[in-house]
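S.K.: Sequential numbering of the sequence shown, starting at 16, is according to this note's numbering.
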Amino acid sequence: MQSTRRLMWIGVVVMALGSHGAVFAQGYGGGSKYNKPAAGLVAAFKTAQTHATNAARAETLRDSLWHLGHVVNCMEGPRGTHYDATTANPCQGQGTGIIPDLEAMGGQMGASSALDGVRKADTLALDTLKLTDLAKVKAGAEKVATMLTQASRAIGQ
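1) Rounded to the nearest angstrom, what separates I114 and G92 at their Cα positions?
2) Could you say if the segment 137–146 and the segment 78–93 meet the contact criterion of at least three C-beta pairs nearer than 8 Å?
3) Return the residue from the list A136, G171, F60 and T65 that minimises the CA-CA distance to T111.
4) If you follow the alpha helix (DSSP H) that R134 is part of, which residue opens it and which one closes it?
5) DSSP on E91, reduced to helix/strand/coil?
6) Is A73 near L163, with beta carbons less than 8 Å apart?
7) Here's the rule I'm using: 16 or more other beta-carbon atoms within 10 Å means buried, otherwise exposed. How should T147 be labelled?
8) Could you check if K153 is buried or exposed, using at least 16 other CB atoms within 10 Å of its CB as the buried criterion?
9) Going by beta carbon distance, what residues of the same chain come within less than 6 Å of C106, once the five residues before and after it are set aside?
10) Please report the distance separating the alpha-carbon of G171 from that of M124.
11) Helix or strand or just coil, what does DSSP make of E157?
Below, the structure written as structure tokens:
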């Protein structure tokens, strides 16, 4: 009778340990990569910030708007509503776009706060792209760069 109980408890322990491993294997938590943003997302943030800064420092309206268009492409990704395939996408290969990548992170590690900030930066960038005054475009681009920096900090970057 005792050996039957012992075997039953061993079976329960083995099943519990096996279930624990299955949960972690499916990505529900734990492991060394838990709560770390994907490398592509981090790279896309850096690229978008660089292009927003380039737009703020550009000497011509054309160059400023060109870099700001890159920022929108990085934020929205190829499936974004305002993605412009005629403008280069310097974030190609760095995830699916900052917004979709943050949406995919769900509630992990400040993703919600970062997503809110990036959406606001996207709206500002789109509004700024409609301007024709270089000084105003540069000012808008500078604000977008700052917003992207703040959003990236929300996910620990």
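Where a beta carbon is used, it is the ideal one built from N, C-alpha and C, also for glycine. Here the structure is a predicted model, which is why all the values come from computation and not from measurement.
M.R.: A quick look at the data gives this:
1) Taking the sequence shown and counting its residues from 1, one reaches residue 114 at position 99. Taking the sequence shown and counting its residues from 1, one reaches residue 92 at position 77. Near 8 Å, if we compare the C-alpha coordinates of G92 and I114.
2) yes
3) Along the sequence shown, read from residue 1 onward, the residue named residue 111 stands at position 96. When each option's Cα is compared against that of T111, the closest is F60.
4) Indexing the sequence shown from 1 puts residue 134 at position 119. From DSSP, the alpha helix (DSSP H) with R134 extends over A126 to T143.
5) The count along the sequence shown starts at 1 and reaches residue 91 at position 76. Helix, per DSSP.
6) Mapped onto the sequence shown, residue 73 falls at position 58. Mapped onto the sequence shown, residue 163 falls at position 148. Not a contact, by the Cβ cut-off of 8 Å.
7) Sequence index remark: in the sequence shown, residue 147 carries index 132 (1-based). Counting Cβ neighbours within 10 Å, T147 comes out exposed, since fewer than 16 surround it.
8) Translated into positions along the sequence shown, residue 153 becomes position 138. The residue is buried, with at least 16 neighbouring Cβ atoms inside 10 Å.
9) Locating residue 106 in the sequence shown gives position 91, where the first residue counts as 1. Result list for C106: A59, T62 and C89, in chain order.
10) Working through the sequence shown from its first residue, we reach residue 171 at position 156. Working through the sequence shown from its first residue, we reach residue 124 at position 109. Roughly 8 Å between the two C-alpha positions.
11) Counted from its first residue, the sequence shown places residue 157 at position 142. DSSP places E157 within a helical segment (H, G or I) once states are collapsed to three.
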